[in-house]
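A.B. asks: Dumping the structure here so I can ask a few things about it.
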Amino acid sequence: MNKFALTFLVSTAFSIGMASSASLSKPQTLHYEVKMKSLSFGNMGTKKMYIKGNKMRWETNAAYLPLTVIKNEKGTFLVSPFKKTAARYAPGSNRNDPKIYLPGPLGSPKAFLREMRAVKRGREKVGREVCDVYSYYAPASDRKCKLWVSINTGKPVKLVLEGEKKLKDTIVATYTKFVLGGHIPDSLFELPKGYVVRNMPPPPKLKPDQAISKADMREPGS
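As numbered in numbering that gives the first Met the number 0, residues 0 to 221 make up the sequence shown, in order.
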């Protein structure tokens, strides 16, 4: 191998390595929006989720009560615009986990369904979308779920959180947006200026045979 060829190969390998490193260092992003309703209590408003790497922003306007949960390098905060406060959840709270807000895909729907060991239940139309229907159990929310995924786009279309009589209501989430890999500004994960930060008490320590507190499982603002 001559000197020129060797130099070319080394340069090419270096370039590929730099490109791979850059792609790996870029945080994964996801933005989805859903319209949610309870089969017993009706409209639950629109919910919006933004994820960028380990950062998260969850917005809800249920019952005319706009609330936002923001997770950044300083913690996870429940932000109330009326009281101008940002209440920081304790490190052990399940509110630090994006899966607790809606037990649907937080990345590739195909990868999510494999991870959840979902079972395909057939095909149905949701509006004009022909969808594959899957069922699975979501441990984070302690819910049996059904997910409709478009056969054309591969994106989630509808998610049903199955209820239990006198215990949990059935909730239907209809996706209006699901964007993987889009641009999300870092400013979305910053607390509003001038808000007072307060620490929430840690969640109670439960015995192995005790269920998770309903208050801690409930969605903020629901």
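The beta carbon of each residue, even a glycine, is placed where N, CA and C say it ideally should be. These numbers come from a predicted model, not from an experiment.
(1) Just to confirm my understanding: we take R94, look at its own chain, exclude 5 residues before and 5 after, and list those with CB closer than 6 Å. What are they?
(2) Judging by CA-CA distance, which residue of V195, T175, P191 and I170 is the nearest neighbour of F40?
(3) Assess contact between the segment 187-194 and the segment 158-165, defined as three or more Cβ pairs (one per stretch) separated by less than 8 Å. Is contact present?
(4) How long is the line joining the alpha carbons of S92 and P201, rounded to whole angstroms?
(5) So if DSSP puts E128 in a beta bridge, which residue, or which two residues, is it bridged to?
(6) Quick check on DSSP: helix, strand or coil for S20?
(7) Ignore the nearest five residues each way along the sequence and tell me which others in L179's own chain have a CB closer than 6 Å to its CB.
(8) How many Å lie between Y31 and A137 at the Cα?
(9) Here's the rule I'm using: 16 or more other beta-carbon atoms within 10 Å means buried, otherwise exposed. How should D96 be labelled?
(10) Would the beta-carbon of G103 fall within 8 Å of that of L66?
(11) By a C-beta neighbour count over all protein chains shown, 10 Å radius and 16 as the cutoff for buried, is E58 buried or exposed?
(12) Per DSSP, what are the beta-bridge partners of E163 in this structure?
(13) Which word fits S186, buried or exposed, when buried means at least 16 other C-beta atoms lie within 10 angstroms of its C-beta?
(14) Spell out whether any CB of chain D is found under 8 Å from the CB atom of K164.
(15) Should I150 go down as buried or exposed, given a rule of 16 or more other Cβ atoms within 10 Å for buried?
C.D. replies: This is what the structure holds:
(1) T75 and Y88
(2) I170
(3) no
(4) 7 Å
(5) V125
(6) With a pLDDT of only 41 at S20, under 50, the local geometry of the prediction cannot be trusted, and no value is derived from it.
(7) L29
(8) 19 Å
(9) exposed
(10) no
(11) buried
(12) K167
(13) exposed
(14) Looking at the structure shown, chain D is missing, and only one protein chain is on hand.
(15) exposed
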